[in-house]
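Everything on this sheet refers to the single structure shown next.
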Amino acid sequence: GLVGSVHHQRGPHLFSARGTFLLQGDPGISMLGMDAGLLYGRAASTNWGHASAGAGMAYTWSEDTGDDAQTLGVPVQAQVYVAIPYTPLGVSLGGFGNANAERLFGGVTAGLVLGNLR
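Residues in the sequence shown are numbered consecutively from 228, following my numbering.
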């Protein structure tokens, strides 16, 4: 799947726009679900990196046994970013999910961060 998000932090307040696109591969590749939402959360930054968590509201679409379901969901996400000393690079580990009336889904993310988030 794919997860993309854009964040704006003002003090401890974190405002995010997030989208997810999930696939399942058994027995063939098919669409599992997607969401697009706005989240509010809290964040803390230190010399070593950054930690944040948030929740919000999202439009959610899922496909289960050939039926399309569209509903509102509650997206959640959390992320920890650890800086690599003396570089503008870091590594991140996070989790995301969506609680809704049709199909719960979630996952884990890992990545490389470019830029100074401290």
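By construction, the Cβ of each residue, glycine as well, lies at the ideal position given by its N, Cα and C atoms.
Taking the CA atoms as reference points, Val-301 sits about 32 Å from Asn-274. Counting every other CB atom within 10 Å of its CB across the protein chains shown gives Ala-328 a total below 16, marking it as exposed. Between Gln-297 and Gly-246, the alpha-carbon positions lie close to 15 Å from each other. Per the DSSP secondary-structure output, Thr-298 pairs in a beta bridge with Thr-287. Under the DSSP assignment, Ala-326 falls in the beta strand (DSSP E) whose first and last residues are 316 to 327. Ranked by how close their Cα comes to the Cα of Phe-248, the residues Leu-341, Ser-279 and Thr-336 have Thr-336 in first place. The beta carbon of Gly-338 lies closer than 6 Å to those of Ser-319 in the same chain, with the five residues before and after it left out. Listed as beta-bridge partners of Gly-268 by DSSP are Leu-241 and Gly-281. Distance from the CA atom of Met-284 to the CA atom of Leu-265, rounded to whole angstroms, is 6 Å. Taking each of Ala-326, Leu-299, Ile-311 and Tyr-267 in turn and checking the Cα distance to Ala-244, the smallest one comes out for Tyr-267. Bridge partners of Gly-338 according to DSSP: Ser-319.
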